[in-house]
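A.B. asks:
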Amino acid sequence: MTKAETKGLLIGRKELLEAVEAVKPAIAGKEVIEACVHVFSDGEQLTAYNDNLAIQAPLASKLKGGIRGTILLGILANSRAKEVEIIVQAGGDGQEAEIKAGRTRLKLSLLPQDRDVFKPPSLGKGEGIGLSGAFLEALKQVLVSAGNGIDPPEQQGVTIIGDATQVHLFTTQDDKTVAWKSIERPKAWKEDLRITLPTFFVEQLIRLGDDKTKLFLSKEYAHALTGKGIKIYSKIVHVPKPIDFAKIATAAMKETDPVAIPSRLRLALERASVMLNGQNDEFMEITVKGDRLGIYAKCPHGELDDSMIMDKPLPPIECKLHPDLLKRALEHCTKIGFAKSSIVMTGERFVYLAATAAL
Numbered sequence: 026m027t028k029a030e031t032k033g034l035l036i037g038r039k040e041l042l043e044a045v046e047a048v049k050p051a052i053a054g055k056e057v058i059e060a061c062v063h064v065f066s067d068g069e070q071l072t073a074y075n076d077n078l079a080i081q082a083p084l085a086s087k088l089k090g091g092i093r094g095t096i097l098l099g100i101l102a103n104s105r106a107k108e109v110e111i112i113v114q115a116g117g118d119g120q121e122a123e124i125k126a127g128r129t130r131l132k133l134s135l136l137p138q139d140r141d142v143f144k145p146p147s148l149g150k151g152e153g154i155g156l157s158g159a160f161l162e163a164l165k166q167v168l169v170s171a172g173n174g175i176d177p178p179e180q181q182g183v184t185i186i187g188d189a190t191q192v193h194l195f196t197t198q199d200d201k202t203v204a205w206k207s208i209e210r211p212k213a214w215k216e217d218l219r220i221t222l223p224t225f226f227v228e229q230l231i232r233l234g235d236d237k238t239k240l241f242l243s244k245e246y247a248h249a250l251t252g253k254g255i256k257i258y259s260k261i262v263h264v265p266k267p268i269d270f271a272k273i274a275t276a277a278m279k280e281t282d283p284v285a286i287p288s289r290l291r292l293a294l295e296r297a298s299v300m301l302n303g304q305n306d307e308f309m310e311i312t313v314k315g316d317r318l319g320i321y322a323k324c325p326h327g328e329l330d331d332s333m334i335m336d337k338p339l340p341p342i343e344c345k346l347h348p349d350l351l352k353r354a355l356e357h358c359t360k361i362g363f364a365k366s367s368i369v370m371t372g373e374r375f376v377y378l379a380a381t382a383a384l
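If you read the sequence shown in our numbering, its first letter stands for residue 26, the second for the next number, and so on.
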């Protein structure tokens with residue numbers, strides 16, 4: 026091996042760390058597929074793929090191959106070195122990378138570039154849909170009721186529906202707890218387009234997106250390209266039986282006579298949550314009698330009884346739900362109303378339904 030080869034590849038530690046942090050959510054937590062716990066460099070960008078989500082971040086280097094992502098991230102995050110030197114050399118069953126960061130030395134196996142299992146889908150050559158800051162903020166707002174994992178299809182992400190002038194963003198966890206935000210329709214968004222983007226894709230779109238982000242769609246895939254050149258990929262959620270979110274929300278709104286959210290409600294909900302000690306299967310009781318809103322929570326160690334005055338009297342209500350269902354939407358809402366089976370909170374072009382149960 027020549028001296029030039031022995032010297033290795035020099036990469037700015039901060040530059041490399043930023044790229045690994047950008048792709049981190051797409052690094053698999055379990056080694057079901059070996060390549061999915063690695064980050065791959067092809068000389069131009071860094072790629073992570075966990076079999077559902079792929080993220081690519083620009084990184085110019087001469088390194089080609091895959092290194093275990095979480096170990097690389099840990100070394101970089103806990104170093105103060107200005108540069109990282111990576112020496113590629115023969116290992117036991119192939120190649121290995123010796124990583125030098127300051128006085129730290131680390132050897133890891135280096136997977137060849139052809140072991141990268143992610144193949145970017147072809148999404149055509151269109152200009153894409155420009156996503157404004159308002160669009161990204163709307164995505165963030167509706168995530169308050171987004172489901173995840175193996176829930177029924179439309180509970181797995183954000184459903185976006187276009188009409189003549191707007192797009193409507195919906196999420197639900199149980200077809201009854203619903204968040205609905207409406208904003209001006211982006212120019213390239215087709216009027217009749219309806220898609221459901223998975224929650225994990227939307228979370229990364231919010232985290233990495235900017236006002237120069239473009240969204241590209243096909244029948245199967247969604248691909249976002251940010252102004253910083255970061256790319257995010259996932260499949261679109263296939264929904265065989267679409268839910269009529271607007272009908273659910275509109276029906277609940279017709280049952281309510283909303284009032285301004287009492288200033289004491291936030292702290293009352295915090296106290297109820299503390300009393301329930303974070304137990305998701307425990308509920309607080311809510312009562313409305315005239316202009317008085319009451320909150321009651323009980324645990325084996327004690328009980329909480331709170332009350333507050335509303336702007337005007339409302340029809341009597343008795344129900345129960347977990348306080349976190351209301352806490353999560355408070356910052357987006359100014360009014361609250363009580364329907365037969367839900368509490369309705371509203372803000373600027375925003376509606377949130379929290380499903381309740383009878384006492």
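Glycine included, C-beta positions come from ideal geometry on N, C-alpha and C.
Quick one: what's L164 bridged to in DSSP?
C.D. replies: On the sequence shown, residue 164 is found 139 positions in, with the first residue counted as 1. Note: L164 sits in no beta bridge, so no partner.
A.B. asks: From L35 to F375, what does the alpha carbon distance come to, in whole angstroms?
C.D. replies: To locate residue 35, count along the sequence shown from 1; it is residue 10. To locate residue 375, count along the sequence shown from 1; it is residue 350. Distance between the alpha carbons of L35 and F375 is about 50 Å.
A.B. asks: Using only the alpha-carbon positions, how far apart do V227 and I257 sit?
C.D. replies: To locate residue 227, count along the sequence shown from 1; it is residue 202. To locate residue 257, count along the sequence shown from 1; it is residue 232. Cα to Cα, the separation comes out at about 10 Å.
A.B. asks: Based on the DSSP output, what are the partners of V109 in its beta bridges?
C.D. replies: In the sequence shown, counting from the first residue as 1, residue 109 sits at position 84. DSSP, once it has assigned bridges, lists I36 and A126 as partnering V109.
A.B. asks: Spell out whether any CB of chain D is found under 7 Å from the CB atom of E295.
C.D. replies: As a matter of chain content, chain D is missing from the structure shown, which is built from one protein chain.
A.B. asks: Pull up the DSSP beta-bridge partners for R219, would you.
C.D. replies: On the sequence shown, residue 219 is found 194 positions in, with the first residue counted as 1. BP columns for R219 point to I186.
A.B. asks: Assign G254 to buried or exposed, taking buried as 16 or more other Cβ atoms, counted over all protein chains shown, within 10 Å of its Cβ.
C.D. replies: Numbered from 1 along the sequence shown, position 229 holds the residue referred to as residue 254. G254 is exposed by the Cβ-count criterion.
A.B. asks: Could you say which of K345, K39, V169 and E343 lies nearest to G99 if we only look at CA atoms?
C.D. replies: One-based indexing of the sequence shown puts residue 99 at position 74. Measuring from the Cα of G99, the nearest candidate turns out to be K39.
A.B. asks: Tell me whether the beta-carbon of L84 lies closer than 7 Å to the beta-carbon of A44.
C.D. replies: As a position in the sequence shown, residue 84 is number 59, starting the count at 1. As a position in the sequence shown, residue 44 is number 19, starting the count at 1. Contact: yes.
A.B. asks: Using only the alpha-carbon positions, how far apart do A400 and F225 sit?
C.D. replies: This structure cannot settle anything about residue 400, because the visible part of the chain is limited to 26 through 384.
A.B. asks: Check this for me: beta carbons of I231 and I261, under 7 Å apart or not?
C.D. replies: Working through the sequence shown from its first residue, we reach residue 231 at position 206. Working through the sequence shown from its first residue, we reach residue 261 at position 236. Against a cut-off of 7 Å, the Cβ pair of I261 and I231 comes out as no contact.
A.B. asks: Just reading off the alpha helix (DSSP H) that A249 is part of, what are its end residues?
C.D. replies: Your numbering for residue 249 matches position 224 in the sequence shown. Not the alpha helix (DSSP H): A249 falls in the beta strand (DSSP E), residues Y246 to L250.
A.B. asks: Take T281 and list the residues in its own chain whose beta-carbon comes closer than 7 Å to its own, dropping the five residues that flank it on each side.
C.D. replies: Taking the sequence shown and counting its residues from 1, the one referred to as residue 281 is at position 256. Closer than 7 Å at the Cβ level, and outside the excluded window around T281, lie G362, F363, A364 and V369.
A.B. asks: In terms of residues, what are the limits of the beta strand (DSSP E) holding R296?
C.D. replies: Against the sequence shown, residue 296 aligns to sequence position 271. No beta strand (DSSP E) holds R296; the alpha helix (DSSP H) holding it covers L290 to L301.
A.B. asks: Across which residues does DSSP place S134 in a beta bridge pair?
C.D. replies: In the sequence shown, counting from the first residue as 1, residue 134 sits at position 109. Answer is E121, bridged to S134.
A.B. asks: State buried or exposed for T197, treating a residue as buried only when at least 16 other CB atoms are found within 10 Å of its CB.
C.D. replies: Residue numbering aside, residue 197 sits at position 172 when the sequence shown is read from its first letter. T197 comes out buried.
A.B. asks: Assign G91 to one of two classes, buried (16 or more other C-beta atoms within 10 Å of its C-beta) or exposed (fewer than that).
C.D. replies: Along the sequence shown, read from residue 1 onward, the residue named residue 91 stands at position 66. Flag for G91 reads buried.
A.B. asks: On a Cα-Cα basis, can you pick out the residue from K279, G33, H347 and I185 that is closest to S298?
C.D. replies: In the sequence shown, residue 298 corresponds to position 273, counting from 1. Closest by alpha carbon: H347.
A.B. asks: Going by the beta-carbon positions, is the gap between E343 and T371 smaller than 7 Å?
C.D. replies: One-based indexing of the sequence shown puts residue 343 at position 318. One-based indexing of the sequence shown puts residue 371 at position 346. Not a contact, by the Cβ cut-off of 7 Å.
A.B. asks: Mapping DSSP to helix, strand and coil, what is T371?
C.D. replies: The residue labelled residue 371 in the question sits at position 346 within the sequence shown. Of the three classes helix, strand and coil, the one that applies to T371 here is strand, per DSSP.
A.B. asks: How many whole angstroms separate the CB atoms of V203 and I154, which I take to be in contact at a CB cut-off of 8 Å?
C.D. replies: Working through the sequence shown from its first residue, we reach residue 203 at position 178. Working through the sequence shown from its first residue, we reach residue 154 at position 129. Actually they are not in contact, since the Cβ atoms of V203 and I154 sit about 24 Å apart, beyond 8 Å.
A.B. asks: If you compare alpha carbons, which of E307, K337 and K125 is closest to L350?
C.D. replies: For this step, residue 350 is matched to residue 325 along the sequence shown. For L350, the nearest C-alpha among the options comes from E307.
A.B. asks: What do you get for A163, buried or exposed, if any count of 16 or more other CB atoms within 10 angstroms of its CB means buried?
C.D. replies: Residue numbering aside, residue 163 sits at position 138 when the sequence shown is read from its first letter. Its Cβ being crowded by 16 or more others within 10 Å, A163 is buried.
A.B. asks: For K360, which three-state DSSP category applies?
C.D. replies: Walking along the sequence shown from the start, residue 360 turns up at place 335. Strand at K360.
A.B. asks: Taking the Cβ atom as the reference point for each residue, do A73 and A106 lie within a distance shorter than 7 Å?
C.D. replies: Counting from one through the sequence shown, the residue named residue 73 turns up at place 48. Counting from one through the sequence shown, the residue named residue 106 turns up at place 81. Cβ atoms of A73 and A106: not closer than 7 Å.
A.B. asks: Between which two residues does the beta strand (DSSP E) holding R93 run?
C.D. replies: If you number the sequence shown from 1, residue 93 lands on position 68. Note, R93: beta strand (DSSP E), K89 to R93.
A.B. asks: State whether the segment 283 to 296 contacts the segment 169 to 187, with contact taken as three or more CB pairs (one from each stretch) at a distance under 8 Å.
C.D. replies: Contact fails: fewer than three Cβ-Cβ distances are below 8 Å.
A.B. asks: Who pairs with F241 in a beta bridge, going by DSSP?
C.D. replies: Looking up residue 241 in the sequence shown gives position 216. According to DSSP, F241 bridges with H248.
A.B. asks: In angstroms, rounded to a whole number, what distance separates the CA positions of P283 and K314?
C.D. replies: Position 258 of the sequence shown, counting from 1, holds the residue named residue 283. Position 289 of the sequence shown, counting from 1, holds the residue named residue 314. One C-alpha to the other measures close to 14 Å.
A.B. asks: Between which two residues does the alpha helix (DSSP H) holding R232 run?
C.D. replies: Counting from 1 along the sequence shown, the entry for residue 232 is found at position 207. Unbroken alpha helix (DSSP H) run through R232: T224 to L233.
A.B. asks: Can you check whether the CB of G94 is closer than 7 Å to the CB of H63?
C.D. replies: Locating residue 63 in the sequence shown gives position 38, where the first residue counts as 1. Locating residue 94 in the sequence shown gives position 69, where the first residue counts as 1. Yes, Cβ-Cβ distance for H63 and G94 is below 7 Å.
A.B. asks: If I measure Cβ to Cβ from K237 and keep anything under 6 Å in the same chain, skipping five residues before and after, which residues do I get?
C.D. replies: Taking the first residue of the sequence shown as 1, we reach residue 237 at position 212. Same-chain partners within the cutoff: G252.
A.B. asks: Closest to G172 by C-alpha separation, out of S157, L156, F195 and F160, would be which residue?
C.D. replies: Numbered from its first residue, the sequence shown carries residue 172 at position 147. If we check each option's Cα against that of G172, F195 comes out closest.
A.B. asks: Would you please state the rounded distance, in angstroms, between the beta carbons of K360 and A285? I believe it to be under 8 Å.
C.D. replies: Reading the sequence shown from its first residue, position 335 is the one you call residue 360. Reading the sequence shown from its first residue, position 260 is the one you call residue 285. Rounded, the Cβ-Cβ distance is 6 Å, consistent with contact.
A.B. asks: Quick test of your reading: G174 and F241, contact by CB under 8 Å. State the CB separation rounded to the nearest angstrom.
C.D. replies: Position 149 of the sequence shown, counted from the start, is the residue given in the question as residue 174. Position 216 of the sequence shown, counted from the start, is the residue given in the question as residue 241. Not quite, the Cβ-Cβ distance comes to about 26 Å (not below 8 Å), so this is no contact.
A.B. asks: According to DSSP, what are the bridge partners of D139?
C.D. replies: As a position in the sequence shown, residue 139 is number 114, starting the count at 1. For D139, which the question treats as bridged, DSSP gives no partner whatsoever.
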